[in-house]
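Undergrad: Following this message is one structure expressed as structure tokens.
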Amino acid sequence: MSDIENTSRASTSAYNADFGLWALTFSYVLSQFFRSYVAVISTQLIGDFHFTPQMFGWFSGAFFLVFAAAQMPVGILFDRFGVRYPTAVLMSIGTVSVALLSVTEDPVLAIVAQAGIGLGCAPVFMGLLNHVLRNSEGGSPRSVRAVTAVTTASAIGMIGGLLAAFPLSRATSVYGWRPVMGLSAMFMLIATLGIMCFVRRREHSASYAVRAAGAAAASGNKKGMWTLMPVCLAMSVGATFRTSWGGPYLADVFGFDVIARGNAMTITSVAGIAASFSIPLLVRRMAPKTLTLGWLAAGVCAALVLASAPAQSPVTSVGAICLLLSVGAIHPLVMSQARGIIAPAKLGLGLGLLNSLVFLGVALASSIFGMIAEHARHAGLSSADLFSRLFLVTAVPLVIGAIAYWFSPTGPGPAGPAARKSG
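Residue 34 in full-length UniProt numbering sits at position 34 of the sequence shown; the count goes up by one each step and never skips.
Right, dumping it as structure tokens:
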């Protein structure tokens, strides 16, 4: 049996046997669902709660504001108490918040509940990373399997975004949004119980202590976090064209109506999910660092194509936006690589910092795009010229992130040909 088969089968076996990882993966599916559901049932929410535009802005932003603010505190809690208890406690708050949202008639309570849902989802992906990466060793087959496990779990979690699209709209049209949210609260309760029952505090084991001591000594010889921070800021900038700016671009430049824009955004979502599912396969054949650099380069090319010819072809534009969005699929690769840089005792804090930068990058991009659009409006620029500038600005952080990432420590090699040669 070849080394690649050994590594692949060992990874699959370990994933199947780790019920804690499955519980965290199921929780991540729910987290992705709660990130996306508002866009689908927004009219029902506005109607039932009589939201003003400003109040709806607070409601829709409450999840992400609390989610981003909680990343570093959650990381500190993981370093102090492990993954199980902080995740279970915060997800319990999220469960209560979903249930509250499904029954309340008060718009203020609805905003508070939405913030509570964000707090409940905040530890999920961080918990998954900590659960897997604390038990890996940089450059070893165990580390390769950890990268595969993280990327696979991340890809599965993206299904939650699809569930918050047509299935949610269909269920809402038949049963109403409140029963659907009540059902999702039950699923979140099940996920919370799964965390309590199956996630173990493995860092208390003697083997972890030995690995932590060795990794702490090794981490002092490696380059700092600065090599990963710029790419974390940059990787999700392209996603702003999926969440906010893509619709206006397609409408103003190509005249897409609401149906056409919805279809285009569905295509980008499917492309993003496909990219996430391709990562576990590609990482078996390519070193994670090589794969990440290649994806960043592809994102830069897509941004430059759009900047040079923003009004040439809607097919080309949608395809390039898909590629920009897919750059976010490298998120688990970068987080896995951070395992070899961050001292084990500070792993939670370090991952929390990097994860918060991902959300900060999206927020900064949206704000900067807004300022550029306002200036373009006063200057009388055409829509094509405006979006050409936005796409050019999008390429800048991707280039900076790629340059900084070039100097990052090399992570584990692929589980495929490289492993075969080493055998």
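Just so it is clear, CB atoms sit at the ideal spot from N, CA and C, and this is done for glycine as well. Treat the numbers as computed from the prediction; the structure is a model and nothing was measured.
Rounded to a whole number of angstroms, what is the C-alpha to C-alpha distance between SER269 and LEU324?
TA: 11 Å
Undergrad: Within 10 angstroms of the Cβ of CYS322, are there 16 or more other Cβ atoms? Answer buried if so, exposed if not.
TA: buried
Undergrad: From this set, VAL334, GLY370, MET265, which residue's C-alpha is nearest ALA39's C-alpha?
TA: Selection VAL334, GLY370, MET265 evaluated against ALA39 yields MET265 as nearest (Cα-Cα).
Undergrad: Check each candidate in ILE76, TYR37, PHE26, ALA69 and name the one with the smallest Cα separation from PRO344.
TA: ILE76
Undergrad: Which residue from LEU360, TYR249, LEU133, THR410 puts its Cα closest to that of ALA311?
TA: TYR249
Undergrad: In this structure, does DSSP put ILE372 in helix, strand or coil?
TA: helix
Undergrad: Please state the DSSP three-state secondary structure of PRO123.
TA: helix
Undergrad: By the 10 Å Cβ neighbour count, where 16 or more other Cβ atoms means buried, how is CYS197 classified, buried or exposed?
TA: exposed
Undergrad: Can you tell me where the alpha helix (DSSP H) with ARG178 in it begins and where it stops?
TA: 177 to 198
Undergrad: Residues in its own chain within less than 8 Å of ALA122 by CB, not counting five upstream and five downstream?
TA: VAL66, PHE67, ALA70, GLN71, VAL74, LEU90
Undergrad: Using C-beta distances below 7 Å, list every residue in its chain close to ASN130, excluding the 5 sequence neighbours before and after it, in chain order.
TA: PHE78, VAL83, LEU347, GLY348, LEU351
Undergrad: Rounded to whole angstroms, what's the CA-CA distance from ILE46 to PRO53? Just pull it up for me.
TA: The straight-line gap from Cα to Cα measures roughly 9 Å.
Undergrad: When we look at the beta-carbon of ASP106 and count the other beta-carbons within 10 Å, is it buried (16 or more) or exposed?
TA: exposed
Undergrad: For the segment 400 to 408 and the segment 251 to 265, state whether three or more C-beta atom pairs, one from each stretch, are separated by less than 8 Å.
TA: no
Undergrad: Quick one: residues in its chain with C-beta nearer than 6 Å to the C-beta of VAL132, no 5 flanking neighbours on either side, listed in chain order?
TA: ALA146, ALA149, VAL150
Undergrad: Helix, strand or coil, according to DSSP, for GLN312 in the structure here?
TA: coil
Undergrad: By alpha-carbon positions, which one of THR292, PHE19, VAL315, ASP252 ends up nearest to LEU128?
TA: PHE19
Undergrad: Confirm, please, whether the CB-CB distance from LEU101 to ALA110 is below 9 Å.
TA: yes
Undergrad: Between which two residues does the alpha helix (DSSP H) carrying THR43 extend?
TA: 42 to 49
Undergrad: With a cut-off of 8 Å on the beta carbons, I'd call ALA307 and LEU392 a contact; round off their distance for me.
TA: That belief holds up - the Cβ atoms of ALA307 and LEU392 are roughly 4 Å apart, short of 8 Å.
Undergrad: Identify, in the order they occur along the chain, each residue of the same chain with its Cβ nearer than 8 Å to the Cβ of TRP226, setting aside the five sequence neighbours on each side.
TA: ALA404
Undergrad: Taking C-beta to C-beta, are PHE49 and LEU168 nearer than 9 Å?
TA: no
Undergrad: Let me check understanding here. Comparing Cα to Cα, which of ALA153, ARG134, ARG178, SER97 lies closest to SER42?
TA: ARG178
Undergrad: So, for SER140: in the same chain, excluding its five sequence neighbours on each side, which residues have a beta-carbon less than 6 Å away from its beta-carbon?
TA: Confidence at SER140 is low in this model, with a pLDDT of 49, below 50, so its placement is unreliable and the value that follows should be read with caution. Excluding residues within five positions, none has a Cβ falling inside 6 Å.
Undergrad: Helix, strand or coil: which one does DSSP assign to GLY348?
TA: helix
Undergrad: So is MET371 buried or exposed if we call it buried at 16+ other beta carbons inside 10 Å?
TA: exposed
Undergrad: Helix, strand or coil: how does DSSP classify TRP245 here?
TA: coil
Undergrad: Given PHE277, which residues of its chain have a CB within under 6 Å of its CB, disregarding the five upstream and five downstream residues?
TA: ALA155
Undergrad: Take the Cβ of HIS331 as the centre, count every other Cβ of all protein chains shown within 10 Å, and call the residue buried at 16 or more, exposed below.
TA: buried
Undergrad: To the nearest whole angstrom, what separates the beta carbons of ILE195 and ALA23, a pair I think is in contact under 8 Å?
TA: 5 Å
Undergrad: Tell me whether the beta-carbon of VAL300 lies closer than 9 Å to the beta-carbon of LEU291.
TA: no
Undergrad: Grab the span of the alpha helix (DSSP H) containing ALA88 for me, first residue to last.
TA: 84 to 103
Undergrad: Out of curiosity, what's the CA-to-CA distance linking LEU293 and ALA395?
TA: 14 Å
Undergrad: At what residues does the alpha helix (DSSP H) containing PRO393 begin and finish?
TA: The question names Pro, but residue 393 in the sequence shown is Val. Taken as a continuous stretch (DSSP letters only), the alpha helix (DSSP H) holding VAL393 covers 383 to 406.
Undergrad: Could you tell me the boundaries of the alpha helix (DSSP H) in which ASP257 lies?
TA: ASP257 -> no alpha helix (DSSP H), and no H or E assigned at all.
Undergrad: In whole angstroms, give me the CA-to-CA distance for MET126 and LEU189.
TA: Using only the alpha carbons, I get a separation of about 19 Å.
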